[in-house]
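A quick write-up on the structure given underneath.
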Amino acid sequence: MVPLTEIRSPLFGKALVSNGFAVGGGVLAEGDAAVQALADAAWALAETLGCPTLELRGVGGEGPEWIVDDDHYLGFTRPLATSDEEELAAIPRKQRAEIRKALQNDLEIVTGRHDTEAREHYAVYAESVRNLGTPVFPSKLFRAVLREFGDSADILTIRRQGVAVASVLSLYMNGTVFPYWGGGTEAARALRANDRMYFALMSHARERGCTGFDFGRSKVGTGAAAFKKNWGFQPLPLMYVKRVAAGGAPREINPLSPRYRLKVEAWKKLPLWVANWIGPHISRGLG
0 MVPLTEIRSP LFGKALVSNG FAVGGGVLAE GDAAVQALAD AAWALAETLG
50 CPTLELRGVG GEGPEWIVDD DHYLGFTRPL ATSDEEELAA IPRKQRAEIR
100 KALQNDLEIV TGRHDTEARE HYAVYAESVR NLGTPVFPSK LFRAVLREFG
150 DSADILTIRR QGVAVASVLS LYMNGTVFPY WGGGTEAARA LRANDRMYFA
200 LMSHARERGC TGFDFGRSKV GTGAAAFKKN WGFQPLPLMY VKRVAAGGAP
250 REINPLSPRY RLKVEAWKKL PLWVANWIGP HISRGLG
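Mind the numbering: the sequence shown is residues 0 to 286 in numbering that gives the first Met the number 0, read in order.
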């Protein structure tokens with residue numbers, strides 16, 4: 000099988016992606032022949048739908064028409080320790096010191112999956128991605144995730160004097176926690192709220208029976224990648240396989256691209272209400 004998402008955007012073009020808005024995807028099959036057959040069928044579907052680009056975020060086809068990209072994204076996973084003390088010991092010294100400082104701050108940890116937590120999470124996440132120059136996803140995406148994943152999804156929020164300053168929506172599957180959408184407000188940095196949040200999530204996931212922590216993907220050379228390395232995660236290159244119509248070029252949605260530099264900087268300066276109004280209309284095309 001190969002899960003596919005059709006994405007159409009007036010800004011970024013059309014693409015068939017496996018899987019849209021996710022870190023991974025690609026072909027799931029036994030044997031090279033089955034993999035190739037499914038990859039070729041996915042390309043045929045892309046042509047039928049008028050999508051000039053097919054992106055398989057994982058196993059894909061082979062041959063000169065397929066472009067292998069393993070230079071842009073890194074994945075970060077590692078086992079969870081069996082206690083908070085062992086977890087601290089497993090984290091490199093510099094980051095461990097930051098966590099100890101965060102533990103001394105008067106911060107409240109809240110977990111849940113109801114409307115209050117969902118509203119807090121979206122407000123924090125929206126501010127966080129605006130500050131990075133990235134359009135926010137619509138709030139209904141996160142509500143749909145909480146609804147469809149049921150008890151396999153929840154939100155962990157850090158509050159300071161009753162105000163949410165950091166929040167993450169995580170998924171749980173096969174003994175692993177996936178902190179998929181997280182961020183912090185401007186106030187979070189001085190409070191080290193993000194450090195507190197992820198350390199608390201490790202403990203929370205352990206209580207849920209998890210033994211692994213998947214820190215998701217980050218672009219090579221970014222601050223996010225460095226942050227995850229500081230926690231003791233070893234980066235693993237992610238292989239994406241693409242195919243493009245003759246004479247075309249792969250769609251470009253990387254915010255680090257020079258063509259988007261000025262737009263990203265301008266987005267960071269938008270009033271939050273404007274970014275939250277426009278962002279969901281743009282982010283639908285970033286899958």
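Ideal Cβ positions, reconstructed from N, Cα and C, are used throughout, including at glycine. Note that the structure is a prediction, hence the values are computed from the model and not measured.
Original post:
When burial is assigned at 16 or more other CB atoms within 10 Å of the CB, is A265 buried or exposed?
Top reply: exposed
**OP:** Please determine, among T175, I108, E46 and S202, the residue with the shortest C-alpha to C-alpha distance to A163.
**Re:** I108
Original post:
Would L48 pass as a contact of L10 if the rule is Cβ separation under 8 Å?
Top reply: no
Original post:
By DSSP, does S291 sit in helix, in strand, or in coil?
Top reply: There is simply no residue 291 to check, as the chain begins at 0 and stops at 286 in what is shown.
Original post:
To the nearest angstrom, how far is it from the Cα of L87 to the Cα of C50?
Top reply: 47 Å
Original post:
Name the DSSP bridge partner or partners of Y239?
Top reply: D68
**OP:** Leaving out five residues on either side along the sequence, give the residues of the same chain with a beta carbon under 7 Å from the beta carbon of G286.
**Re:** T4, I6, V16, G19 and F20
Original post:
Where I121 and A41 are concerned, what is the direct C-alpha to C-alpha distance, given to the nearest angstrom?
Top reply: The displayed chain sequence assigns Tyr, not Ile, to residue 121. C-alpha separation (whole angstroms): 34 Å.
Subject >> Spatially closest choice to I277 from G59, P137 and R207, by CA coordinates >> reply: P137
**OP:** Check whether the Cβ atoms of A45 and G59 sit closer than 8 Å, and answer yes or no.
**Re:** no
Original post:
For A223, which residues of its own chain have a beta-carbon under 8 Å away from its beta-carbon, when the five flanking residues on both sides are left out?
Top reply: S217
Original post:
Can you check whether the CB of T175 is closer than 8 Å to the CB of G211?
Top reply: yes
Original post:
Can you tell me whether P134 is buried or exposed, with buried defined as 16 or more other CB within 10 angstroms of its CB?
Top reply: buried
Original post:
In the structure shown, what three-state DSSP assignment does F177 receive?
Top reply: strand
Original post:
Tell me, which residues are paired with D213 by DSSP?
Top reply: T76
**OP:** Pick out whichever of W180, S127 and T110 has its Cα sitting closest to the Cα of V144.
**Re:** W180
Subject >> Stretch pair the region 76-84 + the region 232-247: three plus CB contacts closer than 8 Å >> reply: yes
**OP:** Over the uninterrupted beta strand (DSSP E) stretch that includes S359, give me the two end residues.
**Re:** Outside the shown range of the chain (0 to 286) lies residue 359, about which nothing can therefore be said.
Subject >> With 16 other Cβ atoms within 10 Å as the buried cut-off, status of Q94 >> reply: buried
Subject >> R159 (DSSP reduced to helix, strand or coil) >> reply: strand
Original post:
On the three-pair Cβ rule with 8 Å, is the region 245-257 touching the region 191-203?
Top reply: no
Subject >> Segment limits, alpha helix (DSSP H) that includes S202 >> reply: A192 to E206
**OP:** Return the bridge partner residues of S138 from the DSSP annotation.
**Re:** Paired residues: none, contrary to the question.
Original post:
Helix or strand or just coil, what does DSSP make of P279?
Top reply: helix
Original post:
Within this structure, are the beta carbons of V240 and G25 separated by less than 8 Å?
Top reply: yes
**OP:** Determine the extent of the alpha helix (DSSP H) in which V34 is found, giving its start and end residues.
**Re:** D31 to L48
**OP:** Can you check DSSP and say which residues form a bridge with D153?
**Re:** S169
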